[in-house]
């Protein structure tokens, strides 16, 4: 059993909001015995556990607009809009390396969600060492039609958000008593159908079950948000979410917008820091929670 858990939604570059949240946690010595991340949420999760303050903010603000990160040139050069090999290689491991020792010495259990391309189902990984690469996080962030699927073992994987966008139920299944859930959309957001079903099925013709999961994702996503807010009313969950629509799409790369969204996450978390500490202190053991 875990006294509490941290659930980190994805959302592409909207996850800058989440980076602000987790940096506020680091600065206030707030830790969790369990962290689960999806897509960009897994990037924030590993940086949070490793206590890499500002790592994800600096990557997104300074490099999301770089032509090496994404763009038309990457399609012709790498066969994908997002240059994922560079993002999860040179950028994440040479230019902005993890605090490997801090991550490995942490007692936090870390779960990463990825979607099996063949089955169209979520799968869960528990990495403990990133020194030799980050294929699991790469897979969790492999956005269909923007990147190629990532191979782990004999299977191919896409973005975890396709099949389990807000994995609160998985956190409960893994033994969390209470959870802080960080969302990258405001409380009133309702996901609408993506549309373009024929184009999606054509682009993902090798993985028809993943195509159907993408087409129907809004149903799963809206149900998961409903469950999160129900759990919040019961006192089992504390939700951190933007107070108003971010008006920022998944692959928006404007540095000033990203910095603004980061600031919102940081400031809104600091505003509620005492509430967060009170929520966690009622469920977390002294070995898992450290207050200044």
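Residue numbers (my numbering): 1454 to 1745. Virtual Cβ for every residue (Gly too), placed ideally from N, Cα, C.
{"Item": "Simplified DSSP state of residue 1614, which is helix, strand or coil", "Value": "helix"}
{"Item": "Coarse secondary structure for residue 1517, derived from DSSP in three states", "Value": "coil"}
{"Item": "Helix, strand or coil at residue 1721 according to DSSP, with G and I counted as helix", "Value": "helix"}
{"Item": "Cβ pair residue 1629, residue 1455 closer than 7 Å", "Value": "yes"}
{"Item": "DSSP three-state assignment for residue 1567, whether helix, strand or coil", "Value": "strand"}
{"Item": "Straight-line Cα distance separating residue 1529 from residue 1654", "Value": "22 Å"}
{"Item": "Spatial neighbours of residue 1640 in its chain, beta-carbon cut-off 6 Å, leaving aside the 5 residues before and after", "Value": "1694"}
{"Item": "Segment contact, 8 Å Cβ cut-off, at least three pairs: the region 1666 to 1678 with the region 1613 to 1629", "Value": "yes"}
{"Item": "Supposed close pair residue 1586, residue 1662 - CB separation, criterion 8 Å", "Value": "That belief does not hold up - the Cβ atoms of residue 1586 and residue 1662 are roughly 27 Å apart, past 8 Å."}
{"Item": "Continuous beta strand (DSSP E) stretch holding residue 1576: start and end", "Value": "1574 to 1578"}
{"Item": "C-beta atoms of residue 1472 and residue 1509 nearer than 7 Å", "Value": "yes"}
{"Item": "Per-residue burial, residue 1581 [other beta carbons within 10 Å of its own, 16 or more giving buried]", "Value": "exposed"}
{"Item": "Residue 1418 versus 1721, 1656 and 1729, residue with shortest Cα-Cα distance", "Value": "Nothing can be reported for residue 1418: it is not among the residues displayed for the chain, which extend from 1454 to 1745."}
{"Item": "Local Cβ density within 10 Å of residue 1638, reported as buried at 16 or more and exposed below that", "Value": "buried"}
{"Item": "Neighbourhood of residue 1575 by C-beta distance below 7 Å, restricted to the same chain and skipping five residues each side", "Value": "1566, 1568, 1613, 1616 and 1617"}
{"Item": "Cβ neighbours of residue 1588 in the same chain (closer than 7 Å, five flanking residues each side left out)", "Value": "1603 and 1605"}
{"Item": "Cβ separation of residue 1466 and residue 1513, assumed to be a contact under 8 Å, to the nearest whole Å", "Value": "6 Å"}
{"Item": "Residue 1714 and residue 1516 closer than 7 Å at C-beta", "Value": "no"}
{"Item": "Residue 1692 - partner residues in DSSP beta bridges", "Value": "1634"}
{"Item": "Residue burial classification, residue 1648 (beta-carbon count within 10 angstroms, cutoff 16)", "Value": "exposed"}
{"Item": "Range of the contiguous beta strand (DSSP E) that encloses residue 1461", "Value": "1458 to 1461"}
{"Item": "Where the beta strand (DSSP E) through residue 1487 begins and ends", "Value": "1487 to 1491"}
{"Item": "Residue closest to residue 1708, alpha-carbon to alpha-carbon, out of 1511, 1665, 1503 and 1497", "Value": "1511"}
{"Item": "Reduced DSSP secondary structure (H/G/I, E/B, other) of residue 1629", "Value": "strand"}
{"Item": "Nearest-angstrom Cα separation, counted from residue 1644 out to residue 1485", "Value": "29 Å"}
{"Item": "Where residue 1673 falls: helix, strand or coil (DSSP)", "Value": "helix"}
{"Item": "Proximity winner among 1701, 1594 and 1733, relative to residue 1492 (alpha-carbon distances)", "Value": "1594"}
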